[in-house]
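The structure under discussion appears below in the form of structure tokens.
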Amino acid sequence: MENTNDLLRSILPYTYIVGQEKLKLALELAYIAPRIGGVLISGQRGTAKSTTVRAFASMMYNALPVTIPINATEDRVVGGWQINKLMQGKAEKQPGLLEDANGRLLYIDEVNLLDDHIVNIILDVTSTGKLVIQREGRNEQLDVQTTLVGTMNPEEGGLRPQLLDRFGLMAGIEAETSRERRRAIMDTVLRFDRAVQLEKQGITDDFLKAGREATKQLKTEIEQARLYFKDVELTADVADACVMLAEGFQVEGHRSDYLLALASCAYAVRYGKLKTKIEHLRAVAELVLRHRQPDAIQQNSAPWSEEQEQRVAELLEHV
Amino acid sequence: MFEFKTEDPFITSLACAALNPALRSILVFDAPYPVLQDIAEILAQMLKAATGQQVEQGNIAIEQDDDVWGSLPLPDSEEHSAAVKQIFKLFSRERNADKMQVLTIADLARLSLAMARTCTMLIGADIAYLERNGEHDQWQLQQCWLASCSRKEIGAISPHLLDRFAVRLSWQPIAKYTRQRKIDNLRTFIHDQFTRSTQLPIELLQRITDAAQRQADFPAVAFSRVMDYIPIESYYPRRELTLARFAQALARLNGDPQVTSEHVDEAAAILGLVKIENLEEDKQPSIEPAPKPMPVEQELPVQPTSLTQPAQAVQQESSDTLMAKTQEAFTPDPLTVPKLTTNPYPEDEAPIEREASSLKVPHPRFSTARSDRGPIFGVEQADTLQDLAIVSTLQTAIMFQEVRKLEQEKKHTLLIEKSDLHRYRRGFISERMLLLLLDYTCLQSCNWQEALLPYLQEAYADRASITIVKVGAADASYQPAL
Chain F
0 MENTNDLLRS
10 ILPYTYIVGQ
20 EKLKLALELA
30 YIAPRIGGVL
40 ISGQRGTAKS
50 TTVRAFASMM
60 YNALPVTIPI
70 NATEDRVVGG
80 WQINKLMQGK
90 AEKQPGLLED
100 ANGRLLYIDE
110 VNLLDDHIVN
120 IILDVTSTGK
130 LVIQREGRNE
140 QLDVQTTLVG
150 TMNPEEGGLR
160 PQLLDRFGLM
170 AGIEAETSRE
180 RRRAIMDTVL
190 RFDRAVQLEK
200 QGITDDFLKA
210 GREATKQLKT
220 EIEQARLYFK
230 DVELTADVAD
240 ACVMLAEGFQ
250 VEGHRSDYLL
260 ALASCAYAVR
270 YGKLKTKIEH
280 LRAVAELVLR
290 HRQPDAIQQN
300 SAPWSEEQEQ
310 RVAELLEHV
Chain Y
0 MFEFKTEDPF
10 ITSLACAALN
20 PALRSILVFD
30 APYPVLQDIA
40 EILAQMLKAA
50 TGQQVEQGNI
60 AIEQDDDVWG
70 SLPLPDSEEH
80 SAAVKQIFKL
90 FSRERNADKM
100 QVLTIADLAR
110 LSLAMARTCT
120 MLIGADIAYL
130 ERNGEHDQWQ
140 LQQCWLASCS
150 RKEIGAISPH
160 LLDRFAVRLS
170 WQPIAKYTRQ
180 RKIDNLRTFI
190 HDQFTRSTQL
200 PIELLQRITD
210 AAQRQADFPA
220 VAFSRVMDYI
230 PIESYYPRRE
240 LTLARFAQAL
250 ARLNGDPQVT
260 SEHVDEAAAI
270 LGLVKIENLE
280 EDKQPSIEPA
290 PKPMPVEQEL
300 PVQPTSLTQP
310 AQAVQQESSD
320 TLMAKTQEAF
330 TPDPLTVPKL
340 TTNPYPEDEA
350 PIEREASSLK
360 VPHPRFSTAR
370 SDRGPIFGVE
380 QADTLQDLAI
390 VSTLQTAIMF
400 QEVRKLEQEK
410 KHTLLIEKSD
420 LHRYRRGFIS
430 ERMLLLLLDY
440 TCLQSCNWQE
450 ALLPYLQEAY
460 ADRASITIVK
470 VGAADASYQP
480 AL
């Protein structure tokens, strides 16, 4: 395998991602509170979805995310045997990507293009936390806790409701259209192009040095937040509001109440607070409720607009 | 050897693509395959000049994932079963380790599903991931993609896939040339088959090598100019970045230390982009019919039959007209003048002619028993012997042979178990047909389209084929357009 450091050098430092605050927030919250279970990122082409996920993984884990490409075969996802050894008559196990992703971030680019058969396996593991391998003579059960992150372009179709619900949070991404942001994106990308070229010649320029330094600091902040997450108090008014929001959006089941509470706590500690407030809940409502609205199942894009924002505001007014 | 003119916009475009890895995905509209091959050869030389690496060329005409990424390994021989036979892979870390690839797609609209999905994964990506058949690898990609497709068929291609192609160029249309011109072109083409050379001049290659060592700053004024070309209603970040990168590559190619507004304008002209302020007045079909004959002082565009004569003076006479010079003396037919401002993103306006979710592996839609017809796009595990994929089944069985032989003490028998069985995965074929008999003698006064709608909807849901038989009286004036 290619040197990890070489591959990481081709990743834009996370702190240089321009805009896309919701996406970044979702990734950070899922890291701080792994029980959130995963993040679905849906958005139009070229909006730095994959770039942001890789940048985040390289910042937090100093490694690329464990990635399931859309053409992965079952043996690589679930686990199988080392084929070369097998042909010599020696049966040596080869862990699959789900096992590799234990305690890490499991990334599926173009998750809506993944084979249904593979999707079913991943669903099963993320929902139960158990990887059951019963194939090719293997019969094992392993505990696997992973943060599933999927990116998709809704132009190419949506996800089944069962899979949608497995993602704790969903960030809907749109292109940054203000001239200032567009300029900043171009500036960042061109400077990074140049920096990568120089890096290949053994020169690390100031742009990269500054980005990597800022990334280290941010990593420390997020790790601290994760450390203190268990100490965050979910206040009674926020707990009530979580239930009220879920009811107001006619969401089925209790998963959304729980996730609203978890995400509020993670948000609070991300910004240095150990007690949740209604404003914390308001900040995470879209991420939790967006894909759980009854209409979202019928539509690929799970829209969230002023109308939904207004509804959140109205529901929270009564708390 | 012919003479290249380095100021030719097409050649310049290729040089820019060679200079920036993010520009190394090129879609050339309406380029015939021989031209595409020439372009690939030229790109290969340019890439070698820009990167100093060896460049390998390949064509993409692959139907299944296993042909792209390699299938299960086979033992090299019976005596040395431990040695694994090397399986062909179009993409692998070893292939990218010390050389680049120029990969050519003759017709993007006819790309197989497996390859279309692969292209979506790889084009424009920094890192390739291989997780198939026991193999686990990741590596940095070093590829340049070159594809062609007919502008008319753009609606058949996934916009998600099209978006991966950063640079869009147009080959000049030949349909409107005079018969004499076509004959001349054919002669030249045939002659070129024996004499042509796509060897680029050393000065041009040196220019690219020098440019690769240089950088060009991008000041705020140039950013503003880039944004002047991308209307917000068709704003996709990759398009804006392509224009910026292209302008920067032009500056590097010219040896300029800084990108200027002129570089941006030149890049936009080559790519076929129009300033937003000019867009309204320029909103015309991309190739506008010109019923009037060419004025005497204007000269015929030359259609190069291959890139061995691309520089028959493709010159920019004005901001929106691509003209070429020739000394021919015959009277031209009315012809189409290809505009330099031809929309590089025709998918924004083209009617949709593809399946919804066209990059997804289709669900089986067989109404009766599982069909063993339809195009093969892969294999899957099977529990019956129907439509068995014999090679995959044997490969899986071979993988376990040594272990099974040890267990069962059978030395000379190939042991195949049920778990080895694989069958083909097949794309959809129509199992039903909607036969429409339209008598246009009596259609004029009825709302026949609405009456047909439920049948059409059912046909669509079943992906039925449709056959239309039109009948009517000889003097019937109304003929429905279908």
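If you're matching them up, the sequences are chains F and Y in order. Each residue of the first sequence is one higher than the one before, counting from 0 in numbering that gives the first Met the number 0. Each residue of the second sequence is one higher than the one before, counting from 0 in numbering that gives the first Met the number 0. In this text, a Cβ means the ideal position worked out from N, Cα and C, and glycines have one as well.
(request) Would you list, in chain order, the members of the stretch 170 to 185 of chain F that have their beta-carbon closer than 8 Å to a beta-carbon of chain Y? (result) Ala174, Glu175, Thr176, Arg178, Arg181, Arg182, Ile184, Met185: these are the residues of the stretch 170 to 185 of chain F whose beta carbon lies less than 8 Å from some beta carbon of chain Y, given in chain order.
(message) Check whether the stretch 247 to 259 of chain Y and the stretch 196 to 216 of chain Y are in contact - that is, three or more C-beta pairs closer than 8 Å.
(response) Yes, since at least three Cβ pairs between the stretch 247 to 259 of chain Y and the stretch 196 to 216 of chain Y fall closer than 8 Å, the two stretches touch.
(request) Check whether the stretch 236 to 245 of chain F touches the stretch 184 to 193 of chain F, counting contact only when three or more Cβ pairs, one atom from each stretch, lie closer than 8 Å. (result) Put simply, the stretch 236 to 245 of chain F does not touch the stretch 184 to 193 of chain F. Fewer than three CB pairs are less than 8 Å apart.
(request) Take Leu199/Y as the anchor and find which of Phe90/Y, Val263/Y, Ala48/Y, His159/Y has the nearest alpha-carbon. (result) When only C-alpha atoms are compared, the closest one is Ala48/Y.
(request) Consult DSSP for His290/F and reduce its assignment to one of helix, strand or coil. (result) DSSP places His290/F in helix when its eight states are reduced to three.
(message) Going by DSSP in three states, Cys241/F sits in which element: helix, strand or coil?
(response) Of the three classes helix, strand and coil, the one that applies to Cys241/F here is helix, per DSSP.
(request) Please go through the same chain and pick out, in chain order, the residues whose beta-carbon is closer than 6 Å to the beta-carbon of Leu435/Y, but skip the five residues on each side of it. (result) Correct list, in chain order: Ile467.
(request) With DSSP as the reference, label Ala165/Y as helix, strand or coil. (result) In the three-state reduction of the DSSP assignment, Ala165/Y falls in the coil class.
(request) Let me know the secondary structure DSSP gives Leu110/Y once reduced to three states. (result) The answer is coil: DSSP assigns Leu110/Y none of H, G, I, E or B.
(request) Find the residues of chain Y that neighbour Glu135/F, judging by a C-beta separation of less than 7 Å, and give them in chain order. (result) Contacts between Glu135/F and chain Y, judged by CB atoms closer than 7 Å, involve Ser418 in chain order.
(request) Locate the alpha helix (DSSP H) running through Gln216/F, then write down its first and last residues. (result) That run of the alpha helix (DSSP H) goes 205 to 227.
(request) Go ahead and pull the three-state DSSP assignment for Ala48/Y. (result) In the three-state scheme derived from DSSP, where H, G and I count as helix and E and B as strand, Ala48/Y is classed as helix.
(request) Consider the Cβ of Tyr423/Y: report whether some Cβ of chain F lies at a distance smaller than 8 Å. (result) Not one chain F Cβ lies under 8 Å of Tyr423/Y.
(request) List the residues of chain F whose Cβ lies closer than 9 Å to the Cβ of Met226/Y, in chain order. (result) Simply Arg178, Arg181, Arg182, Met185.
(message) Does any residue of chain F have a CB that is nearer than 8 Å to the CB of Thr412/Y?
(response) Cβ-Cβ to chain F under 8 Å: no for Thr412/Y.
(message) Would you say the beta carbon of Ile415/Y is closer than 7 Å to some non-hydrogen atom of the ligand NAD?
(response) Absent from the structure shown: the ligand NAD. Ligands present: none.
(request) Check the DSSP bridge columns for Ile40/F and list the partner residues they point to. (result) Beta-bridge pairing links Ile40/F to Thr150/F, Ala170/F.
(request) Alpha carbon to alpha carbon, how far is Ile201/Y from Met0/Y? Give it in angstroms, no decimals. (result) At Met0/Y the pLDDT is 33, less than 50, meaning the model places this residue with poor confidence and gives no usable figure here.
(message) Out of Arg131/Y, Gln179/Y, Gln100/Y, Lys274/Y, which one is the CA nearest neighbour of Tyr228/Y?
(response) The residue with the shortest Cα to Cα distance from Tyr228/Y is Lys274/Y.
(request) Tell me Asp438/Y's beta-bridge partners as DSSP assigns them. (result) BP columns for Asp438/Y point to Val470/Y.
(request) Starting from Arg206/Y, follow the alpha helix (DSSP H) in both directions and report where the run begins and ends. (result) Going by DSSP, Arg206/Y is part of the alpha helix (DSSP H) stretching over 201 to 212.
(message) Please state whether the Cβ-Cβ distance between Ala115/Y and Leu358/Y is less than 8 Å.
(response) Here Ala115/Y is near Leu358/Y, since their CB atoms are less than 8 Å apart.
(message) 8 Å is my cut-off, CB to CB: does Ala14/Y come that close to chain F?
(response) Taking 8 Å as the threshold, the shortest C-beta distance from Ala14/Y to chain F does not fall below it.
(message) So, for Leu280/F: in the same chain, excluding its five sequence neighbours on each side, which residues have a beta-carbon less than 6 Å away from its beta-carbon?
(response) Annotation for Leu280/F: Val237, Ala240, Ser263 place their beta carbon closer than 6 Å to its own, counting only its chain and skipping 5 residues before and after.
(request) Assuming Ser147/Y and Leu107/Y form a contact by the criterion Cβ under 8 Å, report the distance between their Cβ atoms to the nearest whole angstrom. (result) The C-beta distance from Ser147/Y to Leu107/Y rounds to 7 Å, short enough to meet the 8 Å contact threshold.
(message) Nearest by alpha-carbon distance to Leu330/F: which of Leu96/F, Arg180/F, Thr275/F is it?
(response) There is simply no residue 330/F to check, as chain F begins at 0 and stops at 318 in what is shown.
(request) List the residues of chain F that Gly133/Y touches, going by C-beta distances under 9 Å, in chain order. (result) Against Gly133/Y, the close residues of chain F are Thr72, Asp74, Arg75, Gly79, Trp80, Gln81, Ile82, Asn83, Leu85, Gln93, in the order they occur along the chain (beta-carbon pairs closer than 9 Å).
(message) Check whether chain F comes within 8 Å of Val402/Y, counting only Cβ atoms and requiring the distance to be less than that.
(response) So yes, Val402/Y belongs to the interface.
(message) Using the three-state DSSP reduction, which class does Trp170/Y fall into: helix, strand or coil?
(response) The answer is coil: DSSP assigns Trp170/Y none of H, G, I, E or B.
(request) At 7 Å on the CB atoms, spell out the chain F contacts of Tyr128/Y, in chain order. (result) Within 7 Å Cβ-Cβ: Thr66, Pro68.
(message) On the DSSP bridge list, what partners appear for Val65/F?
(response) Paired residue(s): Leu105/F.
(message) Need the endpoints of the alpha helix (DSSP H) that His116/F sits in, please.
(response) Note, His116/F: alpha helix (DSSP H), 115 to 127.
(message) Using a 10 Å radius around the Cβ and a threshold of 16 neighbouring Cβ atoms, would you call Pro343/Y buried or exposed?
(response) Looking at its Cβ environment, which holds 16 or more other Cβ atoms inside 10 Å, Pro343/Y is buried.
(message) Taking the alpha-carbon of Ala396/Y as reference, which of Pro374/Y, Ile415/Y, Asp386/Y, Glu379/Y has the nearest alpha-carbon?
(response) Here the closest residue by C-alpha is Ile415/Y.
(message) Give me the residue from Leu261/F, Leu63/F, Leu226/F with the minimum Cα distance to Arg8/F.
(response) The shortest C-alpha separation from Arg8/F is found at Leu63/F.
(message) What are the residues in the stretch 124 to 151 of chain F lying within 7 Å of chain Y by C-beta distance?
(response) Residues of the stretch 124 to 151 of chain F with a C-beta atom less than 7 Å from some C-beta of chain Y are Glu135, listed in chain order.
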